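Data block below; observations after.
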Amino acid sequence: MTKKTTKTAGTDAGSFTALQKAEQDGTLTMEDKLRLLFQLQATDSQIDKIHLLRGELPLEVQDLEDDIQRLATRMENLQKEIRDIEKDIAFRRIDADNARGMVTKYETQQSNVKNSREFDSLTKEIENQKLDAELAEKYIREFSLLLKDRKENMEKTREAYEERKKDLEMKQKELESIVSETAKEEDSLQRKAEQIHSQIDARVLSAYRKVRNNARNGLAVVTVKRDACGGCFNKIPPQRQLDIKMSKKIIVCEYCGRILVDPAFEE
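This is how it looks when you write it as C-alpha cells:
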C-alpha cells in the first residue's frame with residue numbers, strides 16, 4: 002500500500018536538489034559519483050551497526066555502576082543505623098541494670114527504716130525504679146526487633162551488591178571484547194569513508210551529512226525498492242525510476258529528501 006504523506010523534503014531535500022544540475026566536472030561521471038555516495042552510505046551504515054552493537058553495553062555498564070553505587074550507599078546507611086541501634090540497646094541495658102541495682106539498694110534500706118513514712122517513701126522509689134527497668138527492657142525488645150530487621154535488610158543488600166558486581170564484571174568483559182574485536186574493523190571503515198570523502202564534491206558531502214544526521218535510520222542514500230523510496234517508502238513514478246536507473250544526475254525523493262540510486266548499485 003502506498004504511504005500517503007505530504008511533501009516534507011524542505012531544506013534537506015533542497016540541499017540535494019540544488020546540486021541536481023551540477024556539472025559532471027573532472028574525470029568522474031555522475032554514475033561514478035552516485036556510486037561513491039552509495040559506497041559511503043554503505044560504509045557509514047556498517048560503522049553505525051558497530052556503534053549500535055556496542056551502544057547498548059555502555060548503557061548497561063553505566064546502569065550497573067549506578068546500581069552498585071546506590072547499594073553501597075544503602076549499605077553504609079544501614080551499617081550506621083545498625084551501630085546506632087546497638088548503642089541504644091547498650092545504653093538501655095545500662096539503664097535497666099542501674100534501675101534494678103537501685104531496687105536492691107532501696108529494698109535493703111527498707112530493713113533499717115525507723116518509721117512508716119521512710120518505708121513508704123522507699124516503696125515509692127522502688128516502684129519507680131521497677132517501672133524504669135521495665136521501660137528500658139521494653140525499649141530493648143523493640144530495638145532488638147528493629148536491629149534484626151536492619152541486619153536482614155543489610156544481608157539482602159549485600160547479596161544484591163555482590164550480584165551486581167559480578168554482572169558488571171561480566172558486562173565489562175563483554176564490552177571490552179566487542180571493542181577489541183570491532184576496533185580494527187571500525188578503524189578500517191573510518192579510513193575507507195575518509196578516502197571516499199576526498200572524492201566527493203564538498204557541497205554534495207555536506208548535503209549528504211545533513212540528510213543523514215536528520216534521518217532516523219541514518220540513511221541519506223537509498224535504492225528504489227518495489228517502486229518506492231527505500232527510505233520513506235513513498236511510491237516513485239515510472240519515469241522518475243527510469244531517470245534514477247540512468248544515473249545521469251542526482252535525483253532526490255520529493256518526500257524525504259534522500260538521494261535515490263539504481264538498485265543495481267547493490268549488486
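My numbering puts the first residue of the sequence shown at 2, with every later residue one more than the last. Note that CB positions come from ideal geometry on N, CA and C, so glycine has one too. It should be emphasised that the depicted structure is a prediction, and the values quoted were computed from it without experimental measurement.
Restricting attention to P59, R142, K125 and T105, the CA atom closest to the CA of S178 is found in P59.
In the three-state DSSP reduction, A229 falls in the strand class (E or B).
Residues of the same chain with a CB within less than 8 Å of the CB of E175, apart from the 5 flanking positions on each side, are L58 in chain order.
For the set D244, P239, T224 and C254, the Cα lying nearest the Cα of Q42 is the one of T224. A residue is called buried once 16 or more other Cβ atoms fall within 10 Å of its Cβ, and A221 is buried on that count. In the structure shown, the three-state DSSP call for I127 is helix. Per DSSP, the unbroken beta strand (DSSP E) holding V262 starts and ends at I260 to V262. Exposure of T109 is indicated by the presence of fewer than 16 other C-beta atoms within 10 angstroms of its C-beta. Assigned with DSSP and collapsed to three states, I141 falls in helix. At a Cβ-Cβ threshold of 8 Å, G219 and D67 do not count as neighbours.
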